[in-house]
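J.: Handing you this structure, nothing more for now.
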Amino acid sequence: MINSPPSSSGLRRAFRVRHTEEAIKPAFTREEILASRLRLSKVLPYQRSSPAFPSNLALAICSGLLLVFAFPDWGLWSLAWVGAAPLIMAVARDQRFFTSLALGTVTGTVFYIGTSHWIGYSIHNYGAVSIPLTELIILLFGILLGLFTGLFAACLAICIKNFGGGAIIAAPLLWVGSEWSRLAVTGIGWNSIGYSQAFQPLLIQIARAGGVYIVSALVVYASAALVFALVYLERTRGIVVLTSAGLLALTTLIYGRAAIRREPAKGMVRVAAVQPNFPIQAEWDNPAFVDEMTDRQISLSERAIKSAAEESKGQRGVDLVIWPESPIDYTYDRDNALKSKLAEFVKRNNVSLLMSTWWPAPNEGLFNSALLIGASGAPINRYDKIALMPFGEYVPARNFIPFADRIPALVADTAAGSNSTLFEVAGARLGLNICFETTRPNLARRLRLEGASALVQSSNEAWFGPTAIARQMLAHSVFRAVENNAELIRVTNSGDSARIDRYGRVSDVCPSFQAVARVWNVQGAGDPTDSGPTFYTTHGDLFAVSCTALGLLFVFASLIKDRVKRNKQLDD
């Protein structure tokens with residue numbers, strides 16, 4: 000027979016068990032404890048009244064769904080502030096390690112499948128993978144990333160079990176630790192909870208100090224404070240903690256307002272960003288079709304150059320044209336006809352061109368590269384993509400995945416570059432991230448430390464169709480701009496190309512799946528309004544590492560306390 004969940008007052012009494020004068024009968028006798036090595040979670044008396052698992056499972060699923068709706072394309076960002084609360088409540092009610100691990104994994108799996116289901120579009124449509132197998136891959140992907148949310152929940156359960164309801168406040172530390180660990184272990188930092196706030200400039204200026212992780216901590220603290228207040232509803236401390244969450248949010252807003260009070264830089268360099276909207280499935284092995292698509296990019300570029308000249312009455316044109324990562328397999332170093340065509344284009348318009356191309360790696364394979372061609376028609380500099388997209392550009396642990404070579408989309412591996420590059424154009428020093436790299440905060444940070452005056456993201460999300468990926472990728476780019484106090488130009492094949500100022504304000508977003516071009520002013524080196532690198536740029540993930548360390552200390556202290564308590568019980 001399944002016990003019904005206790006009332007809220009019963010839950011509060013369970014947390015106040017150590018603070019009441021009423022004697023409590025132990026759940027297990029001394030003989031029972033000696034007879035078996037019971038799990039950590041079963042020696043505390045209030046475990047007898049733990050709610051049934053189905054109700055906690057429903058809470059875990061609810062958390063996952065709330066967080067899904069907080070992200071693009073839904074964009075109900077305010078839901079993120081309460082999104083973790085149902086999971087935290089479920090963990091507080093259960094407090095068993097493995098059950099909490101399962102509950103957290105469910106929340107994470109629901110969240111990652113819900114926000115990243117777009118990966119199936121590419122796998123199925125371009126990878127020749129059946130729908131059932133595609134859904135299985137998505138499920139496994141969700142479980143893999145969801146395990147880190149599960150570890151958060153399991154660690155929180157240990158803390159609450161041994162320190163009582165007050166340990167709920169450790170949730171932000173443990174959550175940030177799980178997000179940072181996920182990136183460190185898997186290389187995937189996609190959709191940390193802080194990214195849900197990307198389009199609220201006042202709330203994200205604190206990222207200058209702690210990156211996206213400090214925003215995640217603030218958002219999860221709000222959920223933890225809400226649960227804490229429900230547990231201690233009849234006590235002053237519950238109200239105090241809930242009030243502290245409100246004050247932190249208010250302080251964040253005030254700081255954000257102060258940080259963006261100044262006018263943004265006007266920009267010293269004029270950049271034409273081309274969004275060609277090339278189809279993924281086309282005759283890319285037909286040289287005539289490739290020439291036609293190249294001519295489309297040139298035409299869009301020259302229209303933008305002409306428009307900029309007319310706008311400035313001929314006094315100022317365009318300094319740099321940027322073509323995005325695209326499905327065209329340019330191999331610039333081997334294609335003399337392409338070299339001639341592009342040299343003619345840049346000379347005719349007196350501009351530099353930053354374009355995507357494949358480049359032979361020293362040993363074997365190809366780099367996914369970006370090449371800068373000067374106004375003279377000669378190549379100036381090249382960047383080889385460092386952080387490759389798992390299962391898109393390489394297969395992690397390929398030797399342990401026997402079916403990998405049977406899936407067309409997973410046959411080839413791209414070579415990874417090793418050095419960052421700054422492209423110097425007309426007084427600007429531009430640091431480039433290619434596609435997935437914008438999800439790796441350390442790469443943009445390194446570019447800013449090396450002297451980048453502005454950042455560029457070149458991307459091709461057309462592989463994933465009309466899904467939420469473009470808006471989600473834009474959210475990641477917003478944080479890279481704020482974290483490093485640098486403007487960012489996002490140039491894509493199919494959308495959403497946009498200009499992002501140093502405060503994360505997005506402007507002039509190009510419509511998705513339309514061929515367009517825009518001209519934007521970009522900050523140059525030595526801009527007098529540039530206040531330089533931020534605390535985050537200088538110190539990196541110090542906040543995230545500190546949260547992880549403090550969270551682990553909390554867990555270890557909980558384990559030690561439990562061990563001491565168990566030994567004392569055995570001695571008695």
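For the sequence shown, position 328 matches number 327 in numbering that gives the first Met the number 0, and the numbering has no gaps at all.
Glycine included, each C-beta is placed from N, C-alpha and C at the ideal position.
Please read all numbers here as calculations on a predicted model, not as lab measurements.
So what's Val81 in DSSP terms, helix, strand or just coil?
T.: helix
J.: In chain order, what residues of the same chain lie with their CB nearer than 7 Å to the CB of Asn55, ignoring the 5 residues before and after it?
T.: Ala89, Arg92, Asp93 and Leu102
J.: Out of curiosity, what's the CA-to-CA distance linking Ala156 and Ala223?
T.: 13 Å
J.: Pull up the distance between the alpha-carbon of Leu138 and that of Ala427, whole angstroms please.
T.: 44 Å
J.: Evaluate the contact criterion for the region 456-471 versus the region 413-426: three or more CB pairs, one atom per stretch, below 8 Å.
T.: Between the region 456-471 and the region 413-426 there are fewer than three C-beta pairs closer than 8 Å, too few to call the two in contact.
J.: Quick one: grab the DSSP three-state call for Ala271.
T.: Correct three-state label for Ala271: strand.
J.: Please determine, among Asp495, Ile499, Ser493 and Asn484, the residue with the shortest C-alpha to C-alpha distance to Val477.
T.: Ile499
J.: Going by DSSP in three states, Arg428 sits in which element: helix, strand or coil?
T.: strand
J.: Please list the segments of the beta strand (DSSP E) lying wholly inside the region 183-207, counting only runs of 3 or more residues, in order along the chain.
T.: If we require 3 residues or more, the region 183-207 turns out to have no beta strand (DSSP E) run fully inside it.
J.: Suppose you measure from the CA of Ala228 to the CA of Ile468; what does that come to, to the nearest Å?
T.: So the alpha carbons of these two residues sit roughly 36 Å apart.
J.: What does the alpha-carbon distance come out to for the pair Ala281 and Asp290?
T.: 13 Å
J.: For Leu144, does the count of other Cβ atoms within 10 angstroms reach 16, so buried, or fall short, so exposed?
T.: buried
J.: Could you check if Thr28 is buried or exposed, using at least 16 other CB atoms within 10 Å of its CB as the buried criterion?
T.: Confidence in Thr28 is poor, its pLDDT being 45 and thus under 50, which makes the residue's placement unreliable; the coordinate value appears in the next sentence. With fewer than 16 Cβ atoms within 10 Å of its Cβ, Thr28 is classed as exposed.
J.: Excluding the 5 residues preceding and the 5 following Gly209 in the sequence, name in chain order all residues of the same chain whose CB lies nearer than 6 Å to its CB.
T.: Phe542
J.: Please say whether Ile205 and Val211 have beta carbons closer to each other than 8 Å?
T.: no
J.: DSSP on Ser48, reduced to helix/strand/coil?
T.: With a pLDDT of only 45 at Ser48, under 50, the local geometry of the prediction cannot be trusted, and the value read off the model is given with reservation. It is helical.
J.: Starting from Glu310 and walking both ways along the beta strand (DSSP E), at which residues does that stretch end?
T.: Counting along the chain, Glu310 falls outside any beta strand (DSSP E), though it belongs to the alpha helix (DSSP H) covering Pro286 to Glu310.
J.: What are the start and end residues of the beta strand (DSSP E) that includes Val518?
T.: Val515 to Val521
J.: Suppose contacts are defined by Cβ-Cβ distances below 8 Å. Is Ile321 in contact with Val240 by that definition?
T.: no
J.: So, is Ala377 buried or exposed, given that buried needs 16 or more other C-beta atoms within 10 angstroms?
T.: Exposed: under 16 other Cβ atoms inside 10 Å.
J.: Would you mind sorting Ile118 into buried or exposed? The rule is 16 or more other CB atoms within 10 Å of its CB.
T.: In this structure Ile118 is buried. Its beta-carbon is surrounded by 16 or more other beta-carbon atoms within 10 angstroms.
J.: So who's on the other strand from Arg489, going by DSSP bridges?
T.: Gln456 and Ala497
J.: Run through DSSP, which three-state label would Leu387 get?
T.: coil
J.: Identify which residue in Val268, Pro131, Ser121 and Thr148 has its Cα closest to the Cα of Gly63.
T.: Thr148
J.: Grouping DSSP H, G and I as helix and E and B as strand, with all else coil, what is Arg479?
T.: helix
J.: Excluding the 5 residues flanking Gly141 on each side, which residues of the same chain have their C-beta closer than 6 Å to its C-beta?
T.: Thr108, Tyr111 and Ile112
J.: In chain order, what are the residue ranges of uninterrupted beta strand (DSSP E) at least 3 long that sit wholly in the region 350-385?
T.: 351-359, 365-372 and 378-383
J.: Under DSSP, the beta strand (DSSP E) around Val394 begins and ends at which residues?
T.: Careful: Val394 lies outside any beta strand (DSSP E) and carries neither H nor E.
J.: Over what stretch of residues does the alpha helix (DSSP H) that includes Leu442 continue unbroken?
T.: Pro440 to Leu448
J.: Comparing alpha-carbon positions, which option in Val226, Met267, Val230 and Tyr220 lies nearest Leu246?
T.: Tyr220
J.: Kindly give me the distance between the Cβ atoms of Gln471 and Phe70, rounded to whole angstroms, as I take these residues to be in contact under 8 Å.
T.: 7 Å
J.: Where does Val320 sit, in a helix, a strand or coil, going by DSSP?
T.: strand
J.: Tell me which residues share the same chain as Phe288 and place their Cβ nearer than 7 Å to its Cβ, disregarding the 5 neighbours each side in the sequence.
T.: Ala281 and Glu282
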